[in-house]
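Report on the structure given below.
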Amino acid sequence: MKQEERRKETIRLLIATVHTLLGTKSCDEIRMKDITRASGLSTGAVFHYVNSMEELFALVLNKHLEEVNDRFMERVDMETNNFQGPFQAITQGLAQLEDPEEMTNKMLMYLLGKSGQPPVAASLQAFYEYWVRLSRTWIETGQQHGVIPDTVRAGWAAELFVLISFGLRTRSMIPSGSHTFRAVDFSDFIQTMLAPEGKGD
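Anchor point for the sequence shown: position 1 equals 1 in UniProt numbering, and the numbering is continuous, going up by one each time.
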């Protein structure tokens, strides 16, 4: 097996293992020995890719974004001049931002609680910047294909969307009553901002 294929396979296994363990344990309870036991990987194999649980959680968060990006790019290739297909590839998982049991929400909150540790802070910064960069790429790709107006400030809009996403994720962990701004409203807001006039409906 080639090295790159082995890397991808190992990362897939690590992410699947985290998914499984979070079904019965909290982020605070998972240890590296749990990862090696559940995955069947040696300690050396795990530490070849990550140095800590926090780094593994950050890897899972980044992989989640990569999957959204892959869906988006696939829809762009299939529907070159269509706004709705690529838009839905990005927004189809927005409801998860409000789910306190959703795995990536749990991991993000865990990492934010450890942000006083320099390696964790660096991972969070890299994750945030990656999310903004991908969001900007999605907007600029839409502009290049003529389905998002050139008047949209891609960098500004991208960071705004990421900030709102972070806010929804954080709010999901706060026990509270009804909310007037929900994920569906966020989806409508994105569509209103990005869709060419008359094509957002």
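Glycine residues also receive a C-beta, built at the ideal position from the N, C-alpha and C atoms. Everything numeric in this text was worked out from a predicted model, so none of it was measured.
Quick one, are the C-beta atoms of residue i and residue j less than 8 Å apart?
i      : j      : result
Val184 : Phe83  : no
Leu14  : Ile35  : yes
Glu54  : Ser123 : yes
Arg182 : Glu98  : yes
Val162 : Met193 : no
Leu111 : Val120 : yes
Thr10  : Leu61  : no
Leu21  : Ala38  : yes
Ser172 : Pro100 : yes
Phe189 : Leu94  : no
Ala126 : Glu140 : no
His179 : Val76  : no
Can you list, in chain order, the residues of its chain whose CB lies under 7 Å from that of residue i, leaving out five sequence neighbours each side?
i     : result
Met78 : Gly85
Leu65 : Tyr130, Trp131 and Leu134
Under 7 Å from any heavy atom of the ligand HEM, does the C-beta of residue i make it?
i      : result
Phe127 : Questions concerning the ligand HEM fall outside what the structure shown contains, since it holds no ligand whatsoever.
Considering only C-alpha positions, which residue in the set the options is nearest to residue i?
i           : options                          : result
Thr91       : Pro100, Glu102, Phe72 and Met103 : Phe72
Leu56       : Arg12, Gln88, Phe87 and Thr170   : Arg12
Glu102      : Ala195, Glu4, Lys114 and His19   : His19
residue 202 : Ile174, Ala16 and Gly23          : What is shown of the chain runs 1 to 201, which leaves residue 202 out entirely.
Pro118      : Ser52, Lys63 and Thr43           : Ser52
Gln3        : Met32, Ala45, Thr24 and Gly23    : Ala45
Gly113      : Phe87, Asp150 and Thr170         : Thr170
Asp150      : Pro196, Leu168 and Gln96         : Pro196
Might you give, ordered along the chain, the residues of its own chain that have their beta carbon closer than 6 Å to the beta carbon of residue i, omitting 5 neighbours on each side?
i      : result
Gly142 : Ile148
Gly200 : Unreliable placement is indicated for Gly200, whose pLDDT of 46 sits below 50; the coordinate value is still reported in the next sentence. These residues qualify, in order along the chain: Gln191 and Thr192.
Gly198 : Because Gly198 sits at a pLDDT of 48, beneath the cut-off of 50, its placement in the model cannot be relied upon, and the following sentence gives the value as read from the coordinates. Excluding residues within five positions, none has a Cβ falling inside 6 Å.
In terms of residue numbering, what span does the alpha helix (DSSP H) encompassing residue i cover?
i      : result
Lys8   : Gln3 to Leu21
Asp99  : Premise fails: Asp99 is in no alpha helix (DSSP H) and is neither H nor E.
Leu48  : Looking at the sequence shown, residue 48 is not Leu but His. No alpha helix (DSSP H) holds His48; DSSP gives it neither H nor E.
Asp188 : Ala183 to Leu194
Gln117 : No alpha helix (DSSP H) contains Gln117, which DSSP labels as neither H nor E.
Met32  : Met32 to Ser39
Gly146 : Per DSSP, Gly146 belongs to no alpha helix (DSSP H) and is neither H nor E.
Glu159 : Ala154 to Ser172
Gln88  : Gln84 to Thr91
Return the chain-ordered list of same chain residues with a C-beta closer than 8 Å to the C-beta of residue i, the five sequence neighbours on each side being excluded.
i      : result
Lys8   : none
Thr137 : Asn69
Using a Cβ-Cβ distance cut-off of 8 Å, determine whether residue i contacts chain B.
i      : result
Arg153 : Protein chain content of the structure displayed is limited to a single chain, and chain B is not contained in it.
Touching or not, the stretch 156–173 and the stretch 133–145, by the rule of three or more beta carbon pairs under 8 Å? Yes, the stretch 156–173 touches the stretch 133–145.
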